[in-house]
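Comments concern the structure below.
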Amino acid sequence: MNPYDKAHELAREIARSTECQAMLQAKEAVKADAGASRMMSDFEAKQKAVYALMQAGQDPLPEQVDELRTLMEIMRQNTILAAYLQADARLGQLLNDVQRIIIDAVSATRWEES
Numbered sequence: 017m018n019p020y021d022k023a024h025e026l027a028r029e030i031a032r033s034t035e036c037q038a039m040l041q042a043k044e045a046v047k048a049d050a051g052a053s054r055m056m057s058d059f060e061a062k063q064k065a066v067y068a069l070m071q072a073g074q075d076p077l078p079e080q081v082d083e084l085r086t087l088m089e090i091m092r093q094n095t096i097l098a099a100y101l102q103a104d105a106r107l108g109q110l111l112n113d114v115q116r117i118i119i120d121a122v123s124a125t126r127w128e129e130s
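Following this line, the structure appears as C-alpha cells:
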C-alpha cells in the first residue's frame with residue numbers, strides 16, 4: 017500500500033463528498049450575486065490583512081477585529097452568504113476530522129516520553 021496513492025484516493029472522495037459539493041454550489045451562488053461577491057471579497061481582503069499581521073507576530077488593531085466581526089454579522093444576514101459560510105464550516109469540519117483521525121493514528125508511532 018502506497019500512502020500517496022491513498023492520500024489521492026482520499027482527496028478524490030472528499031471532492032465528491034456532499035460537504036464539498038455543497039461548498040462548490042454555495043461558492044457559485046456567491047459569484048452569481050454581485051453584492052454578495054463584493055462583500056465576500058472585501059471580508060477576505062480584510063481577513064488576510066489581519067492574518068498577515070498575526071503571522072508577523074503583531075496584534076491586529078482592535079478596530080480591525082471589530083470590523084471583521086461586524087462584517088461577519090452582516091454576511092450572516094445575507095441568505096446567499098449565510099449558506100456559503102455554513103457550507104464552508106461543514107467542509108472545514110470534515111477536513112478537521114480527517115486530519116484528527118490521521119494524527120491520532122500516527123501519534124502512536126512517534127516517540128513520546130511518558
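Under the numbering used here, the first residue of the sequence shown is numbered 17, with each subsequent residue one higher. Just so it is clear, CB atoms sit at the ideal spot from N, CA and C, and this is done for glycine as well.
How long is the line joining the alpha carbons of residue i and residue j, rounded to whole angstroms?
i, j, result
"Q102", "M17", "36 Å"
"R85", "K62", "11 Å"
"I118", "Y20", "13 Å"
"E83", "D58", "11 Å"
"A121", "K22", "15 Å"
"H24", "T125", "23 Å"
Kindly indicate which three-state DSSP category residue i falls into: helix, strand or coil?
i, result
"G73", "coil"
"R54", "helix"
"M7", "Limits of the chain in this structure are 17 at one end and 130 at the other, which puts residue 7 out of reach."
"A124", "coil"
Looking only at its chain, what residues have a beta carbon closer than 6 Å to the beta carbon of residue i, apart from the 5 residues adjacent to it on each side?
i, result
"S53", "V46 and K47"
"Q80", "V66"
Less than 9 Å between the C-beta atoms of residue i and residue j, yes or no?
i, j, result
"E35", "Q115", "no"
"D104", "A42", "yes"
"P76", "L69", "yes"
"A38", "L107", "yes"
"I90", "M55", "yes"
"G51", "N94", "yes"
Would you say residue i reaches chain B, if we count a Cβ-Cβ gap shorter than 9 Å as a contact?
i, result
"R92", "The question asks about chain B, but that chain is absent: this structure has only one protein chain."
Excluding the 5 residues preceding and the 5 following residue i in the sequence, name in chain order all residues of the same chain whose CB lies nearer than 7 Å to its CB.
i, result
"Q92", "Per the sequence presented here, residue 92 reads as Arg, with Gln not at that position. Cβ neighbours of R92 beyond the five flanking positions: A98 and L101."
Just to confirm, does residue i get its C-beta within under 8 Å of one of the non-hydrogen atoms of the ligand HEM?
i, result
"T86", "Looking at this structure, you won't find the ligand HEM or any other ligand, since it has none at all."
Original post:
At what residue ranges does the region 75–113 contain a whole run of the beta strand (DSSP E), taking only runs of 3 or more?
Top reply: Fully enclosed beta strand (DSSP E) runs of 3 or longer: not present.
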